[in-house]
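Read the structure below first, then the notes.
There are 2 protein chains.
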Amino acid sequence: LDASVGASIFLKAEVFQRGGAFKFRGAFNRMSFLSDSERVRGVIAMSSGNHGQAVALCARLFGTSAVIVMPKDAPRSKMEAVEGYGAEIVTYDRYTEDRAEVVDRLVAARGLTPIPPYDDYQVMAGAGTVALELFEQVSALDVLVVPMSGGGLMAGCSTVFRALSPGTRIVGVEPFTGDDTKRSLEAGERVRIPVPRTIADGLQVDIPGVLTFEINRLTVDEVVTVSEESLVDAVAFLFGRMKVVVEPSGAAGVAALRSGSLRADGQRVGVVLSGGNVDLSLLVDWVAARPDV
Amino acid sequence: LDASVGASIFLKAEVFQRGGAFKFRGAFNRMSFLSDSERVRGVIAMSSGNHGQAVALCARLFGTSAVIVMPKDAPRSKMEAVEGYGAEIVTYDRYTEDRAEVVDRLVAARGLTPIPPYDDYQVMAGAGTVALELFEQVSALDVLVVPMSGGGLMAGCSTVFRALSPGTRIVGVEPFTGDDTKRSLEAGERVRIPVPRTIADGLQVDIPGVLTFEINRLTVDEVVTVSEESLVDAVAFLFGRMKVVVEPSGAAGVAALRSGSLRADGQRVGVVLSGGNVDLSLLVDWVAARPDV
Numbered sequence: 005l006d007a008s009v010g011a012s013i014f015l016k017a018e019v020f021q022r023g024g025a026f027k028f029r030g031a032f033n034r035m036s037f038l039s040d041s042e043r044v045r046g047v048i049a050m051s052s053g054n055h056g057q058a059v060a061l062c063a064r065l066f067g068t069s070a071v072i073v074m075p076k077d078a079p080r081s082k083m084e085a086v087e088g089y090g091a092e093i094v095t096y097d098r099y100t101e102d103r104a105e106v107v108d109r110l111v112a113a114r115g116l117t118p119i120p121p122y123d124d125y126q127v128m129a130g131a132g133t134v135a136l137e138l139f140e141q142v143s144a145l146d147v148l149v150v151p152m153s154g155g156g157l158m159a160g161c162s163t164v165f166r167a168l169s170p171g172t173r174i175v176g177v178e179p180f181t182g183d184d185t186k187r188s189l190e191a192g193e194r195v196r197i198p199v200p201r202t203i204a205d206g207l208q209v210d211i212p213g214v215l216t217f218e219i220n221r222l223t224v225d226e227v228v229t230v231s232e233e234s235l236v237d238a239v240a241f242l243f244g245r246m247k248v249v250v251e252p253s254g255a256a257g258v259a260a261l262r263s264g265s266l267r268a269d270g271q272r273v274g275v276v277l278s279g280g281n282v283d284l285s286l287l288v289d290w291v292a293a294r295p296d297v
Numbered sequence: 005l006d007a008s009v010g011a012s013i014f015l016k017a018e019v020f021q022r023g024g025a026f027k028f029r030g031a032f033n034r035m036s037f038l039s040d041s042e043r044v045r046g047v048i049a050m051s052s053g054n055h056g057q058a059v060a061l062c063a064r065l066f067g068t069s070a071v072i073v074m075p076k077d078a079p080r081s082k083m084e085a086v087e088g089y090g091a092e093i094v095t096y097d098r099y100t101e102d103r104a105e106v107v108d109r110l111v112a113a114r115g116l117t118p119i120p121p122y123d124d125y126q127v128m129a130g131a132g133t134v135a136l137e138l139f140e141q142v143s144a145l146d147v148l149v150v151p152m153s154g155g156g157l158m159a160g161c162s163t164v165f166r167a168l169s170p171g172t173r174i175v176g177v178e179p180f181t182g183d184d185t186k187r188s189l190e191a192g193e194r195v196r197i198p199v200p201r202t203i204a205d206g207l208q209v210d211i212p213g214v215l216t217f218e219i220n221r222l223t224v225d226e227v228v229t230v231s232e233e234s235l236v237d238a239v240a241f242l243f244g245r246m247k248v249v250v251e252p253s254g255a256a257g258v259a260a261l262r263s264g265s266l267r268a269d270g271q272r273v274g275v276v277l278s279g280g281n282v283d284l285s286l287l288v289d290w291v292a293a294r295p296d297v
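Going down the list, the protein sequences come from chains V and U.
For the numbering used here, count along the first sequence from 1 and bump the result up by 4.
For the numbering used here, count along the second sequence from 1 and bump the result up by 4.
Here you go:
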């Protein structure tokens with residue numbers, strides 16, 4: 005990897021986190037603040053997958069129940085994992101329904117406590133422990149690369165680095181088709197885009213979070229975008245040469261570096277591999293569509 | 005994994021070793037003993053894949069050249085990796101030709117030094133550092149599980165555990181179709197079997213090594229066998245739930261535990277994942293043939 009990029013790369017492999025992604029950190033931190041009566045009524049989360057798994061798992065750990073609202077085209081492996089943790093799944097159509105309304109109805113009817121996927125200070129703080137650990141493990145980095153969706157992982161991680169390593173260049177990565185944060189930073193305000201169609205299902209939001217954007221506009225130096233092809237290349241490279249299973253969203257940082265969207269010649273670069281929940285059959289379809297990988 | 009097996013499992017992930025498998029350890033140790041004149045002439049190795057990669061990589065590190073003799077049906081990824089390290093490949097037909105003769109011809113013609121894949125004390129000692137590290141990392145184990153092919157990994161690992169942890173039960177794993185060591189231990193002498201056809205291409209030898217067998221007959225408590233189906237299940241489980249890429253040979257220990265070939269209820273079990281060099285397309289074919297995985 006170092007040779008192919010021309011830099012010293014340090015991968016923070018959140019694929020090995022409980023639930024297979026960094027999302028456990030934010031959900032656990034948020035749910036540790038539940039009151040006794042909130043725990044009795046249960047929690048609810050809307051999620052394209054990894055956040056749902058994290059909330060389902062944490063609900064079990066905290067002895068409460070969870071309803072997970074998922075798009076009906078979410079990867080099968082993610083649905084099965086949520087059910088495996090004992091949570092209830094409610095599905096919606098991500099191209100025609102407003103998931104927030106689906107959640108609001110359930111909250112009103114059952115008195116559930118929403119666990120936001122990113123737009124919450126306790127969730128962001130939990131996610132930021134990714135960067136805290138990475139800093140403790142490898143210290144000085146010239147560049148920190150973080151995939152961006154709602155922006156919670158970046159808000160937590162960039163806050164940590166701005167405090168502990170202010171000279172580090174902080175770079176977000178989005179799919180080319182899902183560049184809502186890049187556009188928002190350029191516009192100086194939150195910009196909504198059409199729901200992006202990308203294999204990076206974890207990066208498929210259409211607008212940055214309110215709270216996350218207020219932080220990221222101050223902390224992030226740059227957002228770069230990556231093509232679908234470079235996401236497949238990165239997933240295949242991480243599989244074949246690093247022996248790590250990473251989902252396309254999680255491989256966005258490696259995609260940016262290997263494709264040249266992000267140049268970091270000779271630098272020390274920390275890259276967050278944010279999650280590894282990918283169906284083998286999907287991985288194969290993507291690679292088959294690119295026989296040169 | 006613990007829940008599915010009913011034991012506390014500690015995976016020693018040699019997939020993250022240089023070259024993607026434990027083989028680097030033995031090759032490096034052996035090649036550190038090369039004389040100056042041997043280094044000038046170069047080395048040769050016969051290998052179904054991972055040993056070849058290790059020797060090719062070590063040749064570069066020691067500033068010498070390597071010829072790797074490989075079966076012509078070896079996985080493409082392994083051939084490409086060997087070439088990527090700058091070694092020369094000579095192929096043979098594993099069902100009709102004697103690979104030892106192919107090597108002997110090249111040794112005689114070019115004055116190359118053979119680096120044996122397992123039947124060599126320095127190679128075994130290098131491989132044994134897998135167990136030494138595992139012992140330092142997790143100390144007391146009730147059971148140590150090691151895939152067996154020529155027996156070099158087992159000879160090194162079992163020697164370490166017999167010295168440092170004599171009470172640990174030492175279990176080898178072979179494919180059901182490639183049970184040469186199991187038969188040899190039962191017979192009290194080396195037994196040759198037909199070259200096994202198995203997806204575990206790294207465990208495809210037909211007879212234990214001479215030196216390795218003399219050690220393993222004294223150190224190994226038991227050899228269990230696993231089916232092809234359980235190898236696929238183990239590879240798929242390690243991919244889907246552990247996010248680690250493991251080749252069928254490397255997953256033999258997990259296959260034994262998950263299939264019930266090896267019972268270790270409530271025990272602390274160390275399992276060597278010996279390598280991770282697997283083509284994505286092959287992995288898919290295997291899983292597709294077992295749709296319930």
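Ideal Cβ placement from N, Cα and C applies to all residues, glycine included.
DSSP state of residue i, grouped into three classes?
i	result
A63 (chain U)	helix
K82 (chain U)	helix
E101 (chain U)	coil
E87 (chain U)	helix
K76 (chain V)	coil
A238 (chain V)	helix
L116 (chain V)	coil
E233 (chain U)	helix
V195 (chain V)	coil
A70 (chain U)	strand
Measuring straight from C-alpha to C-alpha, what distance separates residue i and residue j?
i	j	result
F3 (chain V)	G264 (chain V)	The structure shown does not extend to residue 3 (chain V), since chain V is modelled only from 5 through 297, so no value can be given for it.
L287 (chain U)	G132 (chain V)	35 Å
A159 (chain V)	S36 (chain U)	49 Å
Q271 (chain U)	S12 (chain U)	6 Å
A25 (chain U)	M50 (chain V)	41 Å
D40 (chain U)	E92 (chain U)	21 Å
V111 (chain V)	E178 (chain U)	54 Å
L148 (chain V)	S188 (chain V)	20 Å
F66 (chain V)	A31 (chain V)	11 Å
V297 (chain U)	D237 (chain U)	Note that V297 (chain U) scores a pLDDT of 47, beneath 50, so its modelled location is shaky; the value from the coordinates is reported in the next line. For V297 (chain U) and D237 (chain U), the distance between alpha carbons rounds to 6 Å.
E193 (chain V)	F20 (chain U)	44 Å
A144 (chain V)	F217 (chain V)	26 Å
G171 (chain V)	F165 (chain V)	8 Å
R64 (chain U)	R43 (chain U)	11 Å
A292 (chain V)	S285 (chain U)	9 Å
Since I believe residue j is in contact with residue i (beta carbons under 8 Å), could you give me their beta-carbon distance rounded to a whole number of angstroms?
i	j	result
A70 (chain V)	V47 (chain V)	5 Å
G280 (chain V)	G254 (chain V)	6 Å
D146 (chain U)	A268 (chain U)	7 Å
K76 (chain V)	N54 (chain V)	Not confirmed; about 17 Å, so no contact.
A58 (chain V)	G90 (chain V)	With a Cβ gap of about 14 Å, A58 (chain V) and G90 (chain V) do not count as contacting.
V86 (chain V)	G56 (chain V)	5 Å
Going by the beta-carbon positions, is the gap between residue i and residue j smaller than 9 Å?
i	j	result
L168 (chain U)	I203 (chain U)	no
E251 (chain V)	G206 (chain V)	yes
G176 (chain V)	K16 (chain V)	no
L277 (chain U)	V9 (chain U)	no
G290 (chain V)	V239 (chain V)	The residue asked about is misnamed: residue 290 (chain V) is Trp in this sequence, not Gly. Against a cut-off of 9 Å, the Cβ pair of V239 (chain V) and W290 (chain V) comes out as a contact.
V227 (chain V)	M128 (chain V)	no
S162 (chain U)	V224 (chain U)	yes
P118 (chain U)	V107 (chain U)	yes
A191 (chain V)	S231 (chain V)	no
D195 (chain U)	I211 (chain U)	The sequence shown places Val at residue 195 (chain U), not Asp. Yes, Cβ-Cβ distance for V195 (chain U) and I211 (chain U) is below 9 Å.
Which stretch, first to last residue, makes up the alpha helix (DSSP H) that contains residue i?
i	result
Y125 (chain V)	Y125 to V142
A31 (chain U)	K27 to M35
T223 (chain U)	V214 to T223
K16 (chain U)	No alpha helix (DSSP H) holds K16 (chain U); the beta strand (DSSP E) holding it covers S12 to A17.
T185 (chain V)	D184 to A191
R43 (chain U)	D40 to R45
G176 (chain V)	Premise fails: G176 (chain V) lies in the beta strand (DSSP E), R173 to P179, not in any alpha helix (DSSP H).
V291 (chain U)	L284 to A292
L5 (chain U)	Premise fails: L5 (chain U) is in no alpha helix (DSSP H) and is neither H nor E.
V258 (chain V)	A256 to S263
If you follow the beta strand (DSSP E) that residue i is in, where does it begin and where does it stop?
i	result
L168 (chain V)	Run containing L168 (chain V): none in the beta strand (DSSP E); it sits in the alpha helix (DSSP H), G156 to L168.
R272 (chain U)	R272 to L277
V230 (chain U)	E226 to V230
P151 (chain U)	V147 to P151
V250 (chain U)	Run containing V250 (chain U): none; DSSP gives neither H nor E here.
Does the ligand MN have a heavy atom nearer than 8 Å to the CB of residue i?
i	result
I203 (chain U)	Annotation note on the ligand MN: not contained in the displayed structure, which lists no ligands.
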